[in-house]
Amino acid sequence: MSFFEKLKAATPVEWRAYTEHAFTEAMADGTLVEAAFRHYLV
Numbered sequence: 065m066s067f068f069e070k071l072k073a074a075t076p077v078e079w080r081a082y083t084e085h086a087f088t089e090a091m092a093d094g095t096l097v098e099a100a101f102r103h104y105l106v
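Here it is as structure tokens:
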């Protein structure tokens, strides 16, 4: 198991909160509104 995999396994709640967030899901599926993306960049 890689170091990264060990970190993910040790912090499952935090990893899910990071990867299953509405912002990241919208970014992944192309539905993120431009204003939200601009705010993210700034």
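Each residue of the sequence shown is one higher than the one before, starting from 65 at the first, in our numbering. Ideal Cβ placement from N, Cα and C applies to all residues, glycine included.
Check, Outcome
"Extent of the continuous alpha helix (DSSP H) to which V106 belongs", "First-last for V106: undefined, no H or E at that position."
"Whole-angstrom distance between H85 and V97, CA atom to CA atom", "15 Å"
"Helix, strand or coil at E98 [DSSP, three-state]", "helix"
"Whole-number beta carbon distance between K72 and W79, since they are thought to touch under 8 Å", "5 Å"
"T75 (DSSP reduced to helix, strand or coil)", "coil"
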